Amino acid sequence: MQFDLVITNPPFQDSVNRKKTPHKLWIDFTLSVFSRLVRDGGSLVQVSPASFASPSNLVLNLMEEHQTHIMRWGTGHHFPEIGSTFSDYWIEKSPNDGRPTRVVAGGERFDIELDSRVFYLPNDISRLALSIHEKVMYADRPRLRVEWDYVTAHNIRRYRENPTLVEVEDAEHPFPVFHTNRSTWWSSIRQDWADSLKVMWTRSGYTKPFFDPGLLGGTDMVYFVRVASIDEGELLAHNMNSSLMRYIYKSAKWSGFGNERVFSMLPELPRDRLLSDADVYAHFDLVQEEVDYVEEHLAPGRRKSK
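Pasting the structure below:
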């Protein structure tokens, strides 16, 4: 049996299979309900965690493929005792025909074009935030060639009978591997890319790209961009730490970890000159209102409005 209208607040925790990852359950529920219970041309109206907006979320993909009429943030005040953020939305089970999606957030009402370019929504969703991410991340432009190695120095290797990865250097583990901003581990294996000149960073905590002259490998937390010279590496690292890029890293992040898809879509930046913040804003054609928004967002002690 299928219905013209299904209204749901999907379950977040599986009380039967408690080992199932909680944040996956409501996603599976949503996809199943939309597929099995909503008839073609019917509608799903749902309250769910706002993390549907995170990179590569399957519910966001569902919204992009179908006609999503409205997304509203700020639904959480209806659930004051639940430790999550909530939103609600209306998805029609019809192919996306290009009509805009109305966004209601923080006292604003505006329309966006929700399609496959929009592979995440910023966590500070607003008219200006989306305009900035459109110019920097969603636009069709050259990308950094970001690489990673999830295998050689994966953290699980610490727990093997003869571990190839340890947290403290010893004679059998002489090769340093960058892990997080506060920790470097040690491996018995020298990764084939470790000798390369590169800019690297971790997906754990704050994103702080830095130039490495061929000293460090990396764990499964690490991403890197190879460069042709020391000068190029130092310039790229500087430009990747500009205010605009720090804003992007911060607002394109929906958990304590950065996302592979976001990193792999980072725009190419000049490597032949040192850019000021003003230069980077101009490079991406930000207008003054957008510049002011970025600066305010990064200001020390800033609190998100409820």
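The opening residue of the sequence shown carries number 36 in the working numbering; numbering runs sequentially from there.
Ideal Cβ placement from N, Cα and C applies to all residues, glycine included.
Just so you know, these numbers come straight off a predicted model, no measurement behind them.
Measure the CB-CB distance between residue i and residue j and report whether it falls below 7 Å.
i: D247; j: K233; result: yes
i: S222; j: F213; result: no
i: D123; j: G77; result: no
i: L179; j: E303; result: yes
i: L301; j: N274; result: no
i: L66; j: V41; result: no
i: S278; j: D312; result: yes
i: W289; j: S89; result: yes
i: W183; j: Y258; result: yes
i: S286; j: D159; result: yes
i: S91; j: R296; result: yes
i: Y185; j: V153; result: no
i: S161; j: G142; result: no
i: E204; j: L149; result: no
From the DSSP output, which residues share a beta bridge with residue i?
i: Q323; result: Partner(s): none; Q323 has no beta bridge.
i: A140; result: E143
i: P302; result: R178
i: G293; result: DSSP, once it has assigned bridges, lists no residue as partnering G293.
i: R240; result: In the sequence as presented, Arg is not what sits at residue 240; that position holds Gly. DSSP lists no partner for G240.
i: R217; result: R217 is not bridged to any residue.
i: K233; result: D247 and R261
i: W108; result: S122
i: E169; result: DSSP, once it has assigned bridges, lists no residue as partnering E169.
i: V41; result: L79
i: Q102; result: E127
i: V212; result: W220 and G252
i: V201; result: W221
i: W183; result: Y258
Please classify residue i as buried or exposed, where buried requires at least 16 other C-beta atoms within 10 Å of its C-beta.
i: Q102; result: buried
i: V138; result: buried
i: Q37; result: exposed
i: P157; result: buried
i: E331; result: exposed
i: G133; result: exposed
i: S264; result: exposed
i: R308; result: exposed
i: K339; result: Reliability of the predicted coordinates at K339 is poor, the pLDDT of 48 falling under 50, and the value obtained from them is presented with this limitation in mind. It counts as exposed.
i: A334; result: exposed
i: G253; result: buried
i: K170; result: buried
i: Q323; result: exposed
i: L250; result: exposed
i: G268; result: buried
i: R306; result: buried
i: Y316; result: buried
i: R192; result: buried
i: T242; result: buried
i: E127; result: buried
i: A206; result: exposed
i: Y282; result: buried
What whole-angstrom Cβ distance do residue i and residue j have, given they're in contact under 8 Å?
i: F121; j: A164; result: 19 Å between Cβ atoms; not a contact.
i: L93; j: F69; result: Contact flag wrong, Cβ pair sits at about 10 Å.
i: V181; j: F298; result: 5 Å
i: Y328; j: I167; result: 7 Å
i: T215; j: T237; result: 5 Å
For residue i, would you say it is in contact with chain B, using Cβ-to-Cβ distances shorter than 7 Å as the test?
i: H273; result: Although the question refers to chain B, the structure presented lacks it and comprises just one protein chain.
What are the start and end residues of each continuous beta strand (DSSP E) run of 3 or more residues lying completely inside the region 67 to 99, in chain order?
Along the length of the region 67 to 99, whole beta strand (DSSP E) runs at least 3 residues long occupy 73 to 84, reported in chain order.
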